[in-house]
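Let me begin by presenting the structure, written as structure tokens, before commenting on it.
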Amino acid sequence: MSNADTRAALKRAGIDPDAIHCNNAVFWFPNLWAYSKLAAKRIAKLYGDSASTNQQREGAKVVLGYLVRTVYQELAPHNFGVMPIKGRTYTDKAGKRHPLLLFRSGVTFHSAEARSCLRTLLGAGHVRHVVNLYDGTFPLGDLIEREARIAHEAGATHHDERTVRSQWRALIKRPEGYTKHHDAAMKQVARIINEQVLAPGGKAPRGNIRIHCGGGMHRTGMVFGVIQRCINKASPREVQSTYRRHTAYSTTKPTGYEKLNERFIREFDCSLLRGASKQAK
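Throughout the sequence shown, residue numbering follows our numbering, covering 574 to 854 in sequence.
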């Protein structure tokens, strides 16, 4: 979804696009992992090369986490998107019905600011439930905990997948484990969609929903793509286009695109979702 498409979707829902201070920027720096491995190797030498290959790899993950955090802090890419969920509505306090919107993004660093992406979504965007999908190793915990406090202060609810630790993303990240674990991963994604998007807390939504992971690419991309395909009945081409845009997809350079993510969306059993048919495209 382009910036123009995002603005159009907001207008159709009666939301002023200029009141939402989230951007569509998405970045992928392939050299970060290479630098992280070099840094871990040099750090190991400071301690007499006593670290094993596996320990150096784990050290590289730590370095990578802080490099990625720096990117989020300094460049503030939100990787923002939105779509209405077909056939779903919420009723506001005045008794008026509205189309249910699903907002997506990466983690946002400056959420405490008065005109931040998060605060404007909670205000002008009528978001009443925020879902953190990120349960990986990057040092983002303080940002997630801050967003939970801000959401609660605004009268919204918050769900943190770190408390569940299903690790479904890791289960299907590598080809060697995909076939073995994809059923288990599907059940976890169905749980998230059924319990956190379609019926937060087991109740009808009180307002719009915002989901995010770290960069808004993989966990968010798969959850969003499954809803887009299974509930909205979007065409395969539209689902693919949306997923790829949010991974900074390019045919000429490395990006965040992961082929197995697209396969997971395509093969997801739609009958696991409430109100979705198995015959989705």
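Using N, Cα and C, we set each Cβ at its ideal position, and we do this for glycine too.
Values in this document were obtained by computation on a predicted structure and should not be read as measured data.
About 6 angstroms separates the CB atoms of L713 and G787; that is less than 8 angstroms, so the two are in contact.
K614 and Q628 have their C-alpha atoms roughly 10 angstroms apart.
For K659, same chain residues with a beta-carbon under 6 angstroms away, outside a window of 5 residues either side, are I804, N805 in chain order.
Around the beta carbon of Q646, fewer than 16 other beta carbons lie within 10 angstroms, which makes this residue exposed.
About 6 angstroms separates the CB atoms of A586 and P672; that is less than 8 angstroms, so the two are in contact. Check the Cα spacing between A607 and each of V635, H683, H731: the tightest is with V635. Exclusion of the five residues before and after G794 leaves Y816, H819, T820, N834 as the residues of its chain whose Cβ lies within less than 7 angstroms of its Cβ. In the assembly as shown, D708 is a buried residue. Its beta-carbon has 16 or more other beta-carbons within 10 Å. Per DSSP, the unbroken alpha helix (DSSP H) holding Y639 starts and ends at 626–648.
Counting every other CB atom within 10 Å of its CB across the protein chains shown gives S678 a total of 16 or more, marking it as buried. Per DSSP, the unbroken beta strand (DSSP E) holding P672 starts and ends at 670–678. V700 is positioned such that its CB atom lies closer than 7 angstroms to that of R783. The beta-carbon separation of L706 and H785, rounded to 7 angstroms, stays under the 8 angstroms limit for a contact. Counting along the chain, the unbroken beta strand (DSSP E) around R783 starts and ends at 781–785. Here the segment 649–669 makes contact with the segment 772–781; the two share three or more CB pairs at distances below 8 angstroms.
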